[in-house]
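**Student:** First to last, the protein sequences are chains A and B. The first sequence: position 57 = 57 (this note's numbering), numbered continuously. The second sequence: position 58 = 58 (this note's numbering), numbered continuously. Idealized CB from N, CA, C, for every residue including glycine. The structure's right below; bear with me while I get my questions together.
There are 2 protein chains.
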Amino acid sequence: MSTNSRFAVAVHVLTLMAWSDEESLKSDQMAVSVNTNPVVVRRMLCDLAEGKLVVSHTGSTGGSRLARNPEQITLLDVYRTIEATDVFSLHPKRPSHRCPVGSSIGTVLQGVRAEIDSAIEGVLAGITIEDVMLRLKPQARRPEVKKKRASNH
Amino acid sequence: MSTNSRFAVAVHVLTLMAWSDEESLKSDQMAVSVNTNPVVVRRMLCDLAEGKLVVSHTGSTGGSRLARNPEQITLLDVYRTIEATDVFSLHPKRPSHRCPVGSSIGTVLQGVRAEIDSAIEGVLAGITIEDVMLRLKPQARRPEVKKKRASNH
DNA sequence: GTTATTGTAACTAGAATAGTTACAAATGAA
DNA sequence: TTCATTTGTAACTATTCTAGTTACAATAAC
Numbered sequence: 001m002s003t004n005s006r007f008a009v010a011v012h013v014l015t016l017m018a019w020s021d022e023e024s025l026k027s028d029q030m031a032v033s034v035n036t037n038p039v040v041v042r043r044m045l046c047d048l049a050e051g052k053l054v055v056s057h058t059g060s061t062g063g064s065r066l067a068r069n070p071e072q073i074t075l076l077d078v079y080r081t082i083e084a085t086d087v088f089s090l091h092p093k094r095p096s097h098r099c100p101v102g103s104s105i106g107t108v109l110q111g112v113r114a115e116i117d118s119a120i121e122g123v124l125a126g127i128t129i130e131d132v133m134l135r136l137k138p139q140a141r142r143p144e145v146k147k148k149r150a151s152n153h
Numbered sequence: 001m002s003t004n005s006r007f008a009v010a011v012h013v014l015t016l017m018a019w020s021d022e023e024s025l026k027s028d029q030m031a032v033s034v035n036t037n038p039v040v041v042r043r044m045l046c047d048l049a050e051g052k053l054v055v056s057h058t059g060s061t062g063g064s065r066l067a068r069n070p071e072q073i074t075l076l077d078v079y080r081t082i083e084a085t086d087v088f089s090l091h092p093k094r095p096s097h098r099c100p101v102g103s104s105i106g107t108v109l110q111g112v113r114a115e116i117d118s119a120i121e122g123v124l125a126g127i128t129i130e131d132v133m134l135r136l137k138p139q140a141r142r143p144e145v146k147k148k149r150a151s152n153h
């Protein structure tokens, strides 16, 4: 995945939408919290919408909200939706097929990568957006009383 | 770790050295198998030498060989030595500390990353360079009789 | 119609990646 | 000693990746 922060941004905006409950959020609002450009947020929201994790609407009263409950969205859903880059890359140029090691090291490395992917997916499948909210610092937590409330960034 | 192939190259050259047994290999030879420039290999070998995984010697009869037996080098050793990049990056610019989510999402994400790292390390700790050799295609395997033999790439 | 918002294309600056040339330092052999 | 060979490393380059930015058509509510 790597030197790209798409997963972090995705989890962030999903958590914002979970936080604001039914209230739909504008890309501008979320961009302030994420500290980036609204277009970066909108691009991410498009991807998340394709993955059926959020629903967006155009128009003056538009915005985005979660497509399902926070406890029904796992970080694995997010990970898959954003099509994260591989955990590690194979050789930029194919190794020598004339060398006994070079000719099959790629297959071996793909196997290792598959094992790592399973492990990662096991972790991510066990964490939901609801869990992420619960892990936020106490003072940041949404009140127990699950009442509709304005978001505040 | 990501869009960088250093882990793949590291495992590749270590496997070449394991294959060639006591015979020390030149960076030029390994570069042919990896299909890259010898300097790229030498840079990697320097890192691996710092991590005490290989030993190199300058001079006309120089070259590199493993610092210990293939079964005593795990992929976790390699992973740590090359200082792989993070599995995923946090936000390029710090989120808003004025937003309840933005102010603590970073800590939550670091926690998630730590869980992923543990999982990855568990996998990598269980695979040695010896295992990698055993996973090579049968026709590529070094003969059972562990006799010194010239490498062939 | 006016206004606010998304979706998306096009461009940019900066960073990361690995490939390349070049050469000093080390080592062993003639 | 002198020569050949190899590592270690600096410096530069081309390419790709990343995310930031501007701009604007399409959409929807009022």
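Per DSSP, which one or two residues make a beta bridge with A:Ser56?
**Tutor:** A:Ser64
**Student:** What is the DSSP secondary structure of A:Phe88, counted as helix, strand or coil?
**Tutor:** Coil, per DSSP.
**Student:** Which same chain residues, not among the five before or five after B:Lys113, have their C-beta less than 7 Å away from its C-beta?
**Tutor:** Residue identity differs from the one stated: residue 113 of chain B is Arg in this sequence, not Lys. Correct list, in chain order: Asp86, Val87, Phe88.
**Student:** Going along chain A, which residues have a C-beta under 9 Å from B:Ala125?
**Tutor:** Result: empty, since nearest Cβ-Cβ is about 11 Å, beyond 9 Å.
**Student:** So which residues on chain B does A:Arg94 lean against when the C-beta distance must stay under 9 Å?
**Tutor:** Asn35
**Student:** With a threshold of 8 Å between beta-carbons, can B:Val9 be considered close to chain A, or not?
**Tutor:** yes
**Student:** Taking C-beta pairs closer than 7 Å, name the residues in chain B that A:Glu115 reaches, listed in chain order.
**Tutor:** Correct list: Val123.
**Student:** Tell me which same chain residues have a C-beta within less than 6 Å of the C-beta of B:Ala67, skipping the five on either side of it?
**Tutor:** Lys52, Leu53, Val54, Val55
**Student:** In the DSSP assignment, the alpha helix (DSSP H) including A:Val32 goes from what residue to what residue?
**Tutor:** 27–34
**Student:** Applying the 10 Å Cβ sphere with the 16-neighbour rule, what's the burial state of B:Gln72?
**Tutor:** Exposed: under 16 other Cβ atoms inside 10 Å.
**Student:** So who's on the other strand from A:Thr74, going by DSSP bridges?
**Tutor:** A:Thr128
**Student:** Is the CB of B:Ser27 under 8 Å away from at least one CB in chain A?
**Tutor:** no
**Student:** Give me the Cα-Cα distance between B:Leu109 and B:Ser5, rounded to the nearest whole angstrom.
**Tutor:** Taking the straight line joining both Cα atoms gives about 25 Å.
**Student:** If you follow the alpha helix (DSSP H) that B:Val39 is in, where does it begin and where does it stop?
**Tutor:** DSSP places B:Val39 inside the alpha helix (DSSP H), whose first and last residues are 38–50.
**Student:** What residues from the region 66–91 of chain A come within 8 Å of chain B, judged by C-beta to C-beta, listed N to C?
**Tutor:** Leu75, Ala84, Thr85, Asp86, Val87, Phe88, Ser89, Leu90, His91
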